[in-house]
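Q:
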Amino acid sequence: VMTEDNFKISQKYSLIGVSESRKVSLMSMKKGDGLVFYISRKKIGQRGTSGRVCEFGGIGKVIGEACESQNPIWNTVGDITFPYRRKVEITPAKQRVQVTEMLNSLDFLVGKKKWGGFFLQSLRKISDKDFETIKNAIL
267 VMTEDNFKIS
277 QKYSLIGVSE
287 SRKVSLMSMK
297 KGDGLVFYIS
307 RKKIGQRGTS
317 GRVCEFGGIG
327 KVIGEACESQ
337 NPIWNTVGDI
347 TFPYRRKVEI
357 TPAKQRVQVT
367 EMLNSLDFLV
377 GKKKWGGFFL
387 QSLRKISDKD
397 FETIKNAIL
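Be aware that the sequence shown starts at 267, since it is given in the working numbering, and climbs by one per residue.
1. In three-state terms, what does DSSP make of Met-268?
2. DSSP puts Thr-357 in a beta bridge; with which residues?
3. Of the choices Ser-291, Gly-323, Met-293, Asp-299, whose alpha-carbon is the least far from that of Met-268?
4. Got a sec, what are the start and stop residues for the beta strand (DSSP E) Val-365 sits in?
5. Taking the alpha carbon of Met-293 as the reference point, which residue from Gly-317, Glu-270, Arg-307, Val-328 has its own alpha carbon closest?
6. Apart from the five residues on each side of it in sequence, which residues of its chain come closer than 7 angstroms, Cβ to Cβ, to Phe-385?
7. Which value, in whole angstroms, describes the spacing of the CA atoms of Gln-364 and Glu-321?
8. Comparing C-alpha positions only, which one of Lys-308, Val-354, Glu-286 sits nearest to Lys-296?
9. To the nearest angstrom, report how far apart Gly-346 and Glu-331 are at their CA atoms.
10. Mapping DSSP to helix, strand and coil, what is Val-290?
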């Protein structure tokens with residue numbers, strides 16, 4: 267889960283980064299693991315509906331070991347630097363898809379009227395089936 271502007275930064279540096287609270291999830295990833303990039307908003311700190319994106323923006327693959335850096339790369343609120351990082355290969359979507367268009371196609375969202383809560387955490391594990399469904403829809 268990230269903003270449009272931070273997705274572009276992740277593409278530029280081929281990196282994903284998380285805060286201390288998501289460190290364990292990042293460390294448990296293995297080289298070759300797949301990633302889905304959910305774009306929540308256009309920019310960090312935007313409020314209201316005007317900045318919402320709510321789209322699957324790309325697919326990624328973990329290609330490097332976890333590392334730590336305090337060098338600020340991403341746009342943040344406050345002094346957060348997302349210090350826990352992994353090198354990733356990112357393939358942007360050929361056609362972005364709104365999450366609402368896939369609510370009944372994804373096991374982790376089926377029947378959920380309030381699906382937004384699933385995307386409040388930066389890293390979430392999904393099934394291989396759901397990964398392939400998203401990948402096929404956007405690439």
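Where a beta carbon is used, it is the ideal one built from N, C-alpha and C, also for glycine.
A: Concretely, from the data shown:
1. Strand.
2. Ile-325
3. Gly-323
4. Run containing Val-365: none; DSSP gives neither H nor E here.
5. Val-328
6. Val-267, Tyr-304, Ser-306
7. Gln-364 and Glu-321: Cα-Cα distance of roughly 4 angstroms.
8. Of the listed residues, the one whose Cα sits closest to Lys-296 is Val-354.
9. Per the sequence presented here, residue 346 reads as Ile, with Gly not at that position. Roughly 21 angstroms separates the two Cα atoms.
10. helix
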